[in-house]
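Engineer: Dropping the structure in here first, questions after.
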Amino acid sequence: MSGRLPVRKTYKLFVGGAFPRSESGRTYLVDGQNVALASRKDARDAVRAARAAFAGWSGTTAYNRGQVLYRLAEMMEARAGDLAGVCSGRDEVERSIDRVVWYAGWADKLAQLLGGANPVAGPYFNFTLPEPTGVVATIAPDAPPLEGIVSRVLPAVVSGNTVVAVSEASPLAAIELAEAIATSDMPGGTVNVLTGRVSELAPVLAGHMDVNAIDLTGADGATAELERLAAGNVKRVVRGTSDGQSLWEIEPLLEMKTVWHPIGR
Amino acid sequence: MDELEQRPQGTDWLYAPAPESREIVHFQERYGLFIGGETVEPRSGEWFPTLSPASEEPLAEVAQGGADDVALAVEAARGAFPEWSSGKPASRAKYLFRIARILQERSRELAVAESLDGGKPIKESRDVDLPLAAAHFFYHAGWADKLEYAFPNRRPQSLGVAAQIIPWNFPLLMLAWKVAPALACGNTVVLKPAETTPLTALLFADVCRQAELPPGTVNIVTGDGSTGEALVRQEGIDKVAFTGSTEVGKAIQRELAGRAVPHTLELGGKAANIVFDDAAIDQAVEGIVNGIYFNQGHVCCAGSRLLVQESIAEPLVARLKRRLSTLRVGDPLDKNTDVGAINSRAQLDRIRELVASGEAEGAELYQPPCDLPERGYWFPPTVFTNVAQSFRIAQEEIFGPVLSVMTFRTPSEAIEKANNTAYGLSAGVWTEKGSRILWMAERLRAGVVWANTFNRFDPASPFGGYKESGFGREGGRHGLEAYLRFDG
Amino acid sequence: MARAGAVDAVALEARSGELAKRSIKRASKLQALDLVVRMIDLTTLEGADTPGKVSALCAKAMRPDPVDPSAPAVAAVCVYPNLVAHARERLAGSGVRVASVATGFPSGQYPISVRVADARAAVELGADEVDMVIDRGAFLAGRYAEVYEQIVRVREACGDAHLKVILETGELGTYDAVRRASLLAMAAGADFIKTSTGKISPAATLPVTLCMLEAIRDVHLDTGRMVGMKPAGGIRHAKQSIQYLCLVNETLGREWLTPERFRFGASSLLNDVLMQIRTQKTGVYESPDHFTID
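Residue numbers (our numbering), protein chains in the order written: chain A, 366 to 630; chain B, 15 to 502; chain C, 9 to 302.
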């Protein structure tokens with residue numbers, strides 16, 4: 366009993382910028398830690414928070430969003446040691462931070478690459494711009510623990526989407542990431558993290574009528590039922606990579622808006 | 015002076031009938047399915063008549079494609095795929111250019127056929143549907159050998175067999191929206207035209223023959239909803255493209271769950287057409303009329319909700335009603351007809367049911383006096399005022415010539431009301447203030463925003479919805495993506 | 009006064025283009041052509057105009073088609089002030105009215121006293137109708153009150169004569185300006201508003217006419233006044249004239265389908281209309297050689 370007794374961390378959910386316990390009062394054990402086991406109602410609350418944050422986050426300038434995401438990379442760098450403890454190690458942390466920086470740089474370039482002016486046959490100016498789809502439910506990949514969730518959440522938020530991410534197998538990394546997000550100037554509710562059972566939460570999110578898209582990258586095996594539920598409000602169903610980065614990871618979570626205006630005296 | 019004043023005041027000047035001749039189109043008594051470049055009898059052995067909605071006269075009999083027929087068509091498309099997808103892209107381009115030219119050359123015939131089978135005014139099939147259908151083939155022809163420029167570093171590849179299901183409101187135009195990009199991207203096609211409007215698709219089969227398109231590249235299977243269902247269920251399809259109701263779209267998305275078949279859905283809408291008090295009022299009235307009475311309101315992106323700033327509501331609605339009295343409803347083949355026949359009995363029943371609900375809920379109905387023909391399916395241009403956001407007529411897609419008028423006070427309120435719907439296909443904004451147009455356009459959750467115009471379409475302009483109006487885009491570079499996969 | 013408001017050029021032109029596609033056949037066409045003849049202000053406005061030229065024009069105005077006595081007379085003959093007396097003499101008793109341009113036609117760039125005197129002189133010489141020009145210089149400089157005031161003074165000088173106010177739309181630059189000038193002219197007392205002098209291109213067009221018709225409709229809705237419309241210049245073919253009638257019919261309605269409220273300022277239009285009337289009646293395409301040039 367000679368050394369100082371360390372203070373342990375309580376792993377809670379991340380909803381609306383706050384860290385609540387599950388309303389159900391349940392926890393599950395991961396790597397010797399008690400982790401909040403999110404319920405259907407927690408999922409509902411997270412969607413509500415994501416929806417509330419959408420107008421603000423999508424309404425910020427692309428430059429500002431890029432800066433906030435870069436700030437997230439700064440916060441992760443500062444917590445690199447903690448992050449390394451909940452994933453495969455230093456390399457994965459560095460890859461994850463670099464990925465955040467990479468996506469941060471995309472915010473103010475999407476419109477130029479994906480949008481444009483369309484030469485219509487008539488006296489009209491016509492242009493197409495990408496916009497975020499809305500609220501995205503993300504089933505985070507089991508692995509890599511940190512890089513996986515970073516690789517799915519960043520391409521969603523960079524364009525202005527807000528996210529409800531579910532992490533079952535790597536909740537410690539997810540919550541460590543959430544703590545970095547909480548200190549990154551990202552408005553509360555932009556990213557929400559639910560730790561818990563995919564089998565319990567994914568159907569709730571897939572069927573939720575106020576979720577616009579569902580990212581099933583982390584949902585292994587039979588996703589047919591989730592896809593069926595997603596049809597209830599014509600959700601965009603997305604699959605990507607858990608360890609890669611690409612503009613094409615961003616694009617499926619965008620809507621293309623086309624605007625017409627006459628050209629006349 | 016006196017002498018002039020004694021003369022009669024004005025003249026009743028009625029336009030004499032000006033019917034487009036239907037002699038230019040010759041329908042066969044019966045049309046089989048178009049599979050593998052041949053016309054074949056349906057294995058189902060079943061046929062059904064397609065009617066002219068303006069007269070209820072049967073125009074021809076068409077095949078009721080069954081599951082076996084669908085399987086055969088998909089097999090034919092599979093068979094044609096390797097050669098079509100690996101052939102010279104420049105040749106694909108030339109085939110599409112050929113089709114575009116043939117559509118132009120036969121445009122009068124096809125326009126008459128479209129108006130006969132679908133009930134839309136000849137001036138619309140002549141001036142909108144046919145020119146745009148040809149334009150879609152022209153536009154996509156040019157892409158066929160430039161795909162790697164459209165998607166640099168992504169190595170675009172054809173998907174395979176595209177199953178395409180199209181609606182009855184713009185039969186040939188929707189065919190063009192679907193078939194042109196699919197072929198340009200090296201896919202082969204099985205197309206299921208709408209039950210009530212199969213004839214121009216069957217004439218298009220002949221266009222494909224004239225263009226000497228390789229057999230099996232385009233296959234056309236007519237039938238009712240069950241044929242479409244069979245097509246979506248069929249093994250061996252690599253892509254589904256659907257335009258139609260949100261209800262059927264959801265059923266297709268459910269059916270495709272877990273099958274890893276990419277799909278694009280272009281579904282319903284309940285667009286807000288928003289008029290501010292500084293708008294160019296006469297042109298706004300024209301835009302409102304074009305927005306909801308164009309094609310009898312059978313338009314997924316129709317401006318079916320008029321949101322008008324309260325300070326201008328009275329004069330605007332007065333001008334709108336006055337304008338409605340000049341709409342000429344009647345014979346679709348008359349060149350002066352502005353509003354034609356409702357596409358089918360079923361659609362007419364649905365319109366009537368929703369209009370009755372509007373009256374029952376307390377909205378005030380206005381219809382200009384107009385003599386509707388006795389036979390056929392008709393509904394007069396209709397405006398509802400005193401509509402609350404909660405009424406069914408303000409929420410549900412009517413898909414008919416029925417406008418619901420609501421008011422707003424501020425731009426924020428307009429946005430709130432416009433976006434308060436499960437749909438998100440299109441929206442209109444009318445104001446002379448440029449900054450407000452952009453402010454509104456940014457906030458409207460809809461795939462197409464028409465500012466100081468409405469219902470404009472172009473093959474270079476991506477079209478498609480947010481939310482429950484579907485996903486994927488048709489037209490423009492963006493539309494190609496729906497028919498490609500990327501190895502890079 | 010009706011709301012000035014704005015006009016969207018593209019949508020206005022699209023609408024007039026749609027109306028121009030109306031297909032007018034058989035009896036409707038014949039009825040329209042007959043009406044067009046009765047609506048024509050048969051016009052000569054040349055420096056070289058002489059009594060001889062005007063005599064010929066008047067003869068044509070009274071009996072446009074010598075072969076077809078049922079062909080109606082035109083509405084008016086439109087000349088420069090110096091030829092008014094001569095025209096009046098020739099047209100006496102025929103019902104065809106004499107219109108005179110005035111107020112420093114065509115530019116209007118003269119002192120207002122001169123322009124008012126010009127109008128008064130035309131009336132004193134016997135003009136039933138005065139076609140005045142607005143001061144586009146003042147209008148484009150934003151001196152709207154001055155333009156208004158000038159029209160009011162000419163209106164007073166005209167007495168009982170009908171006043172048509174020429175906006176010279178080809179010089180106004182935008183439909184917004186055309187609409188504003190139309191409302192201003194009507195407020196100042198115009199009986200008719202008229203597109204053009206015929207000396208500037210573009211002269212009358214379908215969209216500019218539609219724009220003016222919509223202003224007329226708004227004044228009617230607001231005040232009950234029924235102001236007339238006269239497109240002038242560039243209307244040479246029967247088919248064009250029927251397109252104008254479709255615009256009137258579907259914008260203002262039957263009450264404006266009368267020479268009292270709608271005129272065409274034209275010269276060569278008449279023969280083309282006569283030719284079409286005969287074609288409608290005989291079913292044979294006609295040659296211009298069978299129609300007199302006056």
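Where a beta carbon is used, it is the ideal one built from N, C-alpha and C, also for glycine.
Kindly identify the DSSP beta-bridge partner or partners of histidine 626 (chain A).
Structural biologist: Paired residues: A:Phe490.
Engineer: Pairs of beta-carbons, one from the stretch 472–492 of chain B and one from the stretch 20–33 of chain C, closer than 8 Å: are there three or more?
Structural biologist: These segments do not touch.
Engineer: How long is the line joining the alpha carbons of valine 303 (chain B) and serine 339 (chain B), rounded to whole angstroms?
Structural biologist: Rounded to whole angstroms, valine 303 (chain B) to serine 339 (chain B) spans 11 Å at the Cα level.
Engineer: Starting from phenylalanine 111 (chain B), trace the alpha helix (DSSP H) in both directions and tell me its first and last residue.
Structural biologist: Per DSSP, phenylalanine 111 (chain B) belongs to the alpha helix (DSSP H) from 103–119.
Engineer: Note down, in chain order, each residue of its chain lying with its Cβ closer than 8 Å to the Cβ of serine 338 (chain A), except the 5 sequence neighbours on either side.
Structural biologist: Nothing in the structure corresponds to residue 338 (chain A), since chain A is present only between 366 and 630.
Engineer: With 16 other CB atoms within 10 Å as the buried threshold, where does aspartate 16 (chain B) fall?
Structural biologist: Here the model assigns aspartate 16 (chain B) a pLDDT of 41, short of 50, so the residue's position is not dependable, and the following value carries that caveat. Its Cβ having fewer than 16 others within 10 Å, aspartate 16 (chain B) is exposed.
Engineer: Kindly list the residues whose CB is nearer than 6 Å to the CB of arginine 391 (chain A), restricted to its own chain and excluding five residues on each side of it in sequence; keep chain order.
Structural biologist: Cβ neighbours of arginine 391 (chain A) beyond the five flanking positions: Leu402.
Engineer: Using a C-beta to C-beta distance shorter than 7 Å, which residues of chain C count as neighbours of leucine 452 (chain B)?
Structural biologist: Those within 7 Å of leucine 452 (chain B) in chain C number zero; the least Cβ separation is about 17 Å.
Engineer: Please work out which residues of its chain come closer than 7 Å, Cβ to Cβ, to aspartate 126 (chain C), disregarding the five sequence neighbours upstream and downstream, and give them in chain order.
Structural biologist: Once the five neighbours on either side are set aside, the close Cβ partners of aspartate 126 (chain C) are Pro89, Ala110, Thr111, Gly112.
Engineer: My guess is that proline 67 (chain B) and glycine 133 (chain B) are in contact by the Cβ rule of under 8 Å, so how many angstroms apart are they, rounded?
Structural biologist: With 8 Å as the limit, proline 67 (chain B) and glycine 133 (chain B) qualify as a contact, their Cβ atoms being about 4 Å apart.
Engineer: Given that alanine 182 (chain C) touches chain A, what residues does it touch there, using C-beta distances under 8 Å?
Structural biologist: The sequence shown places threonine at residue 182 (chain C), not alanine. Per Cβ cutoff of 8 Å: Arg630.
Engineer: Shortest alpha-carbon distance to serine 69 (chain B) belongs to which of B:Glu89, B:Leu189, B:Ala32, B:Leu386?
Structural biologist: Residue B:Leu386 is the option with its Cα nearest to serine 69 (chain B).
Engineer: For leucine 279 (chain B), which residues in chain A fall below 9 Å Cβ to Cβ?
Structural biologist: Simply Val599.
Engineer: Return the chain-ordered list of same chain residues with a C-beta closer than 6 Å to the C-beta of glutamate 620 (chain A), the five sequence neighbours on each side being excluded.
Structural biologist: Contacts found: Glu496, Thr498.
Engineer: For lysine 42 (chain C), tell me which candidate among C:Arg161, C:Thr300, C:Leu278 has the shortest Cα-Cα distance.
Structural biologist: For the record, residue 42 (chain C) in the displayed sequence is aspartate; it is not lysine. The shortest C-alpha separation from aspartate 42 (chain C) is found at C:Leu278.
Engineer: Compare the C-beta of valine 104 (chain C) with all C-beta atoms of chain A and state if any pair is closer than 8 Å.
Structural biologist: Closer than 8 Å: no.
Engineer: So that I know if they touch, is there some Cβ in chain B lying closer than 8 Å to that of leucine 133 (chain C)?
Structural biologist: Leucine 133 (chain C) does not count as touching chain B.
Engineer: Take aspartate 280 (chain C) and list the residues in its own chain whose beta-carbon comes closer than 6 Å to its own, dropping the five residues that flank it on each side.
Structural biologist: Within the same chain, aspartate 280 (chain C) has close Cβ partners His245, Ala246.
Engineer: Hey, could you find the ends of the beta strand (DSSP E) glutamate 388 (chain A) is sitting in?
Structural biologist: Glutamate 388 (chain A) -> no beta strand (DSSP E), and no H or E assigned at all.
Engineer: Please confirm if alanine 12 (chain C) has its CB atom under 8 Å from at least one CB of chain A.
Structural biologist: Answer no: the Cβ-Cβ gap between alanine 12 (chain C) and chain A never drops below 8 Å.
Engineer: Between threonine 340 (chain B) and chain C, is any beta-carbon pair separated by less than 8 Å?
Structural biologist: Chain C contact via Cβ: present.
Engineer: According to DSSP, simplified to helix, strand and coil, what is threonine 259 (chain C)?
Structural biologist: Threonine 259 (chain C): helix per DSSP, three-state reduction.
Engineer: For glycine 438 (chain B) and phenylalanine 413 (chain B), I'd like the C-alpha separation in whole angstroms.
Structural biologist: Those two C-alpha atoms are separated by around 15 Å.
Engineer: Which residues bound the beta strand (DSSP E) around asparagine 526 (chain A)?
Structural biologist: Asparagine 526 (chain A) -> no beta strand (DSSP E), and no H or E assigned at all.
Engineer: How is the alpha helix (DSSP H) around alanine 502 (chain A) delimited, first residue to last?
Structural biologist: Element bounds for alanine 502 (chain A): not the alpha helix (DSSP H) but the beta strand (DSSP E), 500–504.
Engineer: Does the ligand NAP have even one heavy atom less than 7 Å from the beta-carbon of serine 404 (chain B)?
Structural biologist: Of the ligands one can find in the structure shown there are none, so the ligand NAP has no counterpart to examine.
Engineer: Are leucine 494 (chain B) and alanine 114 (chain B) close, meaning C-beta to C-beta below 8 Å?
Structural biologist: No, they are not a contact pair.
Engineer: Kindly give me the distance between the Cβ atoms of asparagine 357 (chain B) and threonine 210 (chain B), rounded to whole angstroms, as I take these residues to be in contact under 8 Å.
Structural biologist: Going by Cβ atoms, the distance from asparagine 357 (chain B) to threonine 210 (chain B) rounds to 6 Å, so yes, they are a contact pair.
Engineer: Would you mind sorting valine 75 (chain C) into buried or exposed? The rule is 16 or more other CB atoms within 10 Å of its CB.
Structural biologist: With fewer than 16 Cβ atoms within 10 Å of its Cβ, valine 75 (chain C) is classed as exposed.
Engineer: Is serine 78 (chain C) close to chain B? Criterion is C-beta to C-beta, closer than 8 Å.
Structural biologist: Judged by the 8 Å Cβ criterion, serine 78 (chain C) is not in contact with chain B.
Engineer: What does DSSP give as the partner residues of proline 33 (chain B) in its beta bridges?
Structural biologist: The partner list for proline 33 (chain B) (beta bridge, DSSP) reads B:Asp348.
Engineer: For glycine 484 (chain B), list the residues DSSP reports as bridge partners.
Structural biologist: Answer is B:Glu280.
Engineer: For methionine 140 (chain C), name the three-state secondary structure that DSSP assigns.
Structural biologist: Strand at methionine 140 (chain C).
Engineer: Cβ of aspartate 472 (chain B) less than 8 Å from any chain C Cβ?
Structural biologist: Output row for aspartate 472 (chain B): interface = no.
Engineer: Between which residues of its own chain and arginine 105 (chain C) is the CB-CB distance below 7 Å, once the five residues before and five after are set aside?
Structural biologist: Hits under 7 Å: Ala83, Ala84, Asp136, Glu137.
Engineer: Tell whether a beta-carbon distance below 8 Å holds between lysine 284 (chain B) and glutamate 430 (chain B).
Structural biologist: Not in contact: lysine 284 (chain B) and glutamate 430 (chain B) (Cβ atoms no closer than 8 Å).
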